[in-house]
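Per the numbering used here, residue 6 is the first one in the sequence shown, and the count goes up by one each step. Ideal placement from N, C-alpha and C gives every residue a C-beta, glycine not left out.
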Amino acid sequence: MDDQNKNLILATALSFLVILVWFVLFPPPEQTETLEQAAITEAENDGVQTPSAAGSVAETTTEAEEALPDAQAPRVEIDTPRLSGSLSLSGGRIDELFLKDYKVSIEEGAPIVELLAPVGSDSAYYALYGWAPGAGVAAEDVPGPNTMWRVEQGETLGVDTPVTLAWDNGSGLTFRRTIAVDRDYMFTVTQSVENATQSEVGMAPYGILARHGIGEDGDLPGLKNFFILHEGVIGMADGTLSEVDYGDVRDLDIDPEERAQAEVYQVKQDGWIGFTDHYWMTTLIPEPGSAFKAAAKYDARRKIYQTETVLPTLTVAPGENAEVTTRLFAGAKEWETIREYQAEGVQKFIDSIDWGWFFFLTKPIFWLLHNINALIGNMGWSIIGLTLIIKAILFPLAFKSYVSMAKMKELQPQMEALKEAAGDDRQKMQQGMMELYKKEKVNPAAGCLPILMQIPIFFSLYKVIFVTIELRQAPWFGPFRDLSAPDPTSIMNFFGWLPWAGPEPGSLMATIFIGILPLLLGVSMWLQQKLNPAPTDATQAMIFAWMPWVFMFMLGSFASGLVVYWIANNTITFTQQYLIMRSQGYTPDVFGNIKSGFKKTPKTDDK
């Protein structure tokens, strides 16, 4: 067998082996232990009972208060250039939020994305703030999840128009909550209490994010449930990122009496915690440098997921005021926007984007793609530009590899002579070849390096295209209106020329009746093979003949942006290899190799 072909088969086998190891043998480690777990006792928390995992009631609320919030309660409108919605005066919940810049689909008239929804809707999801009573304070003395607030100042919550809510407990304590929002997705929530009593009081401010599950097992609607994508709880504690899937959060559920003591993380200074979806996120962010305690919980009875932050207990003397400010991110995981918030002090906020295990490649690849797109203004052409730059960076390695392959071609007659001289003595043949390689200074493994280098790059780019919102619904040209989705064309609609849609992505029909991009991918791989004559071994030749078309169907259901990259990569590789081989005195007979591939192998007469 030709050593060059051996190398290619070996590289292909190693590629699948590496992918198998990544995805099967070494799944992403569960990171719940990366946050320091510490059960909060009454003594540690100055007698404050933390909010319950129910997400709608505190541990200290009465049965009457466990009723659902008043659906008919007055609302305060939220209106910014990028957000719309409202907050309810029942509990002061931020529970209705729409993202103006994003639509559910690319279809005309599609509704905009709804991020937060009130209790009673199909997918209730909201932010709730309050005070957990401490020493000398009863549960009824602090505003609860369903307390009816009044608007003290403001009418509509906008960029330059904050809203202040107020509630008087009738016993000398007045609570206020001022909510502001910026031009993107960051809310600032300032909670204050004024003590007009004759005694000192203690209480701890908290924030809650709650999501209501649907189904007996608490599954949430709309989850992708894809193995390379994290959906669930995400948190940062003193520089360490923690990710917990929803299924693992359900496993945290224990006896209700002990729930307040379980899975609570002690954070010394900086951190944040919340829920992350494919493209959207909500995050509770205490002031940078302030201590807080955070928890991820699940209430199996109500099917409610909850993340919470509890700040240190504030002691308020008679006649004094106490105030604390936290932030809430609720919006799209845009790289530029999140990076700006990180620059403003939110620790490692950029890591809230799921960069994956190869973050050291994924981050710079996305940065480069983002900046190319800023210049070109079209993500499809930007991916091709990115491919050109990656190939240029890898060119020295590719040049060395192709030169080695060309030298291997020159040594082909000598290797054939060694095979004939060795006969069936494989050890003698191997020794002779090793001496020949050493004498001619040829590394037979060099041809594998460019292929092996492509594996982490391919995976990282796949991660970028699949995860980052900048690729979501990004158009290229013609029928390619969403590079994060599979090729929408098909043989059934004559590759987009006929006015009807192709098969449903992911279906068997879509796999069989592939689009133009997967077809071009197969052709580009096939042409790349034709730089060299087909192997003389019949089995090996058959494997190589089928390989491009197998990959064509395998990658046909991938994001079209990734297929564009692979087509561009194959085309550039073909050009590079052709020119380098000619520079080494070997001119590939591409058309001759194509013609020979269509010739039938004559049957041998055994008689």
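{"Item": "Segments of 3+ residues assigned as beta strand (DSSP E) that fall wholly inside the segment 193–234", "Value": "206–217"}
{"Item": "Buried/exposed call for S565, threshold 16 Cβ in 10 Å", "Value": "buried"}
{"Item": "Pair within 7 angstroms by beta-carbon distance, T494 and G527", "Value": "no"}
{"Item": "Cβ pair D224, S176 closer than 7 angstroms", "Value": "no"}
{"Item": "Cβ neighbours of L120 in the same chain (closer than 8 angstroms, five flanking residues each side left out)", "Value": "L102, F103, L104, Y130, W285, T287, A335 and G336"}
{"Item": "Range of the contiguous beta strand (DSSP E) that encloses F334", "Value": "N326 to A337"}
{"Item": "Closest residue to P123 among V206, H217 and G385 (Cα-Cα distance)", "Value": "H217"}
{"Item": "Of the listed residues F518, V168, L373 and Q582, nearest to I83 (C-alpha basis)", "Value": "V168"}
{"Item": "Counted within 10 angstroms of its Cβ, other Cβ atoms place K624 as buried (16 or more) or exposed", "Value": "Only positions 6 to 612 of the chain appear in the structure, and residue 624 is not among them; the question remains open."}
{"Item": "I355 versus T342: straight-line alpha-carbon distance, rounded", "Value": "9 angstroms"}
{"Item": "Beta carbon of V408 nearer than 7 angstroms to that of Q582", "Value": "no"}
{"Item": "Distance between I99 and W154 (C-alpha atoms, nearest Å)", "Value": "13 angstroms"}
{"Item": "Cβ-Cβ distance between A78 and L94 below 7 angstroms", "Value": "yes"}
{"Item": "Backbone CA spacing between L319 and L560 [nearest angstrom]", "Value": "57 angstroms"}
{"Item": "Among L373, G220, G294 and M384, the one whose alpha carbon lies nearest that of E349", "Value": "G294"}
{"Item": "Buried versus exposed, by CB contacts within 10 Å (16 or more), Q311", "Value": "buried"}
{"Item": "Contacting residues, own chain, Cβ-Cβ under 6 angstroms from A327 (five flanking each side not counted)", "Value": "V198, L319 and V321"}
{"Item": "Coil, strand or helix - R155 by DSSP", "Value": "strand"}
{"Item": "Given G615 as reference, the closest of V118, D187 and G324 once Cα atoms are compared", "Value": "The structure shown does not extend to residue 615, since the chain is modelled only from 6 to 612, so the question has no answer here."}
{"Item": "CA nearest to the CA of F596, picked from W481, D359 and K535", "Value": "K535"}
{"Item": "W551 burial status per 10 Å Cβ neighbour count (16 or more: buried)", "Value": "exposed"}
{"Item": "Meets three-Cβ-pair contact criterion under 8 angstroms: the segment 149–166 and the segment 184–193", "Value": "yes"}
{"Item": "At least three beta-carbon pairs within less than 8 angstroms, the segment 422–435 to the segment 481–490", "Value": "no"}
{"Item": "Residue closest to L416, alpha-carbon to alpha-carbon, out of R431, F404 and M438", "Value": "M438"}
{"Item": "D250 (DSSP reduced to helix, strand or coil)", "Value": "strand"}
{"Item": "Residues that DSSP places opposite T245 in a beta bridge", "Value": "A242"}
{"Item": "With 16 other Cβ atoms within 10 Å as the buried cut-off, status of W372", "Value": "exposed"}
{"Item": "Pick from P369, K405 and M413 that is closest to I394, judged by C-alpha positions", "Value": "P369"}
{"Item": "Given W172 as reference, the closest of T193, P148 and I184 once Cα atoms are compared", "Value": "P148"}
{"Item": "Beta carbon of A300 nearer than 7 angstroms to that of E292", "Value": "no"}
{"Item": "V568: first and last residue of the uninterrupted alpha helix (DSSP H) it sits in", "Value": "S565 to S588"}
{"Item": "Spatial neighbours of S529 in its chain, beta-carbon cut-off 6 angstroms, leaving aside the 5 residues before and after", "Value": "I572, N575 and T576"}
{"Item": "Cutoff 6 angstroms; reference T592; Cβ partners in own chain excluding five residues on either side", "Value": "none"}
{"Item": "Assumed close pair V351, I278 - CB separation to whole angstroms, cut-off 8 angstroms", "Value": "No, V351 and I278 are not in contact; Cβ-Cβ is about 12 angstroms, not under 8 angstroms."}
{"Item": "I377 to V568 span [Cα, whole Å]", "Value": "18 angstroms"}
{"Item": "Counted within 10 angstroms of its Cβ, other Cβ atoms place G97 as buried (16 or more) or exposed", "Value": "buried"}
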